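Novice: One structure follows; several queries about it will come next.
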Amino acid sequence: MREFTFFVIAVVIANPALAASGPFFSFANTDFVVLIAFILFLSVIFYFRIPSRLLGMLDNRAQSIQEDIDEAKRLRDDAQQLLSNCEKKQKEMKVQAEKIITEAKREAEILKEQAEQELEKTIFRRVASAEERISLARSVVIREVRNEAIILAVAVARDIIQQEITEKSARDLIQLAIDETEIKLH
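Residue numbers (my numbering): 10 to 195.
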């Protein structure tokens, strides 16, 4: 049916050749010869089914182009899906990184507080130790000073006693000490 339609269109297009003057159906008329050649040309074209082959080739080309377009759409959809997956993973990684940073800051704060507490304990222990050493040193110094004072007092008292006490006063002092001892013992 296509071929017949195409043939009718070709004849209508060749219609200006019919407008020539003089006997038309003569080989001397170039318009007639051109018309015959044109009809033969169209007959050969239709005999070998060139229009259907051309249409088939065009259909095949259109189908190939459509397949390429479908493949391109599929690839674009795959790329779009891959992009959305990557963006989703990027968001997840960003959230995870923020959680890690938050956790690290919290742990750092805890470690800082623990370090401060340990430092305070260490300082307290060192201060207590220093105070204890100072107290021990003070008691040792006081004891040494007392001992030295006692030794000095005894030495001074001995010197004073040797210079001022006579034999009689020594006996009186001894008797007084004995009397006080008896009173304290009873």
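By construction, the Cβ of each residue, glycine as well, lies at the ideal position given by its N, Cα and C atoms.
Every value quoted in this text rests on a predicted model; they were computed, and no experiment measured them.
Around the C-beta of L64, are 16 or more other C-beta atoms found within 10 angstroms, so that it is buried, or is it exposed?
Specialist: When all chains shown are included, L64 counts as exposed.
Novice: For the alpha helix (DSSP H) containing S35, list its first residue and its last residue.
Specialist: It is not in any alpha helix (DSSP H) - S35 carries neither H nor E in the DSSP assignment.
Novice: Reducing DSSP to helix, strand and coil, say where F57 ends up.
Specialist: Here F57 sits in coil by DSSP.
Novice: Distance check for S52 and V42, CA to CA, integer angstroms please.
Specialist: For V42 and S52, the distance between alpha carbons rounds to 15 Å.
Novice: Taking only the alpha-carbon atoms, compute the straight-line gap between I143 and R152 and give it to the nearest angstrom.
Specialist: Taking the straight line from one Cα to the other gives about 14 Å.
Novice: So for T131, helix, strand or coil by DSSP?
Specialist: If DSSP states are grouped into helix, strand and coil, T131 belongs with the helices.
Novice: For L49, does the count of other Cβ atoms within 10 angstroms reach 16, so buried, or fall short, so exposed?
Specialist: Exposed.
Novice: Suppose the cutoff is 7 Å on Cβ atoms and the five residues either side in sequence are ignored; what does the same chain contact list for E76 look like?
Specialist: So the list is empty, once near-sequence residues are dropped.
Novice: On the DSSP letters alone, give me the boundaries of the alpha helix (DSSP H) that T175 sits inside.
Specialist: T175 -> no alpha helix (DSSP H), and no H or E assigned at all.
Novice: Alpha carbon to alpha carbon, how far is E173 from F133?
Specialist: For E173 and F133, the distance between alpha carbons rounds to 57 Å.
Novice: Using the Cβ count rule (16 or more neighbours within 10 Å means buried), how would you classify S44?
Specialist: First, the amino acid is wrong: residue 44 is Leu here, not Ser. Looking at its Cβ environment, which holds 16 or more other Cβ atoms inside 10 Å, L44 is buried.
Novice: Give every residue of the same chain whose Cβ lies closer than 8 Å to the Cβ of F36, excluding the five residues on either side of it in the sequence, and list them in chain order.
Specialist: Excluding sequence neighbours, F36 sits near V42.
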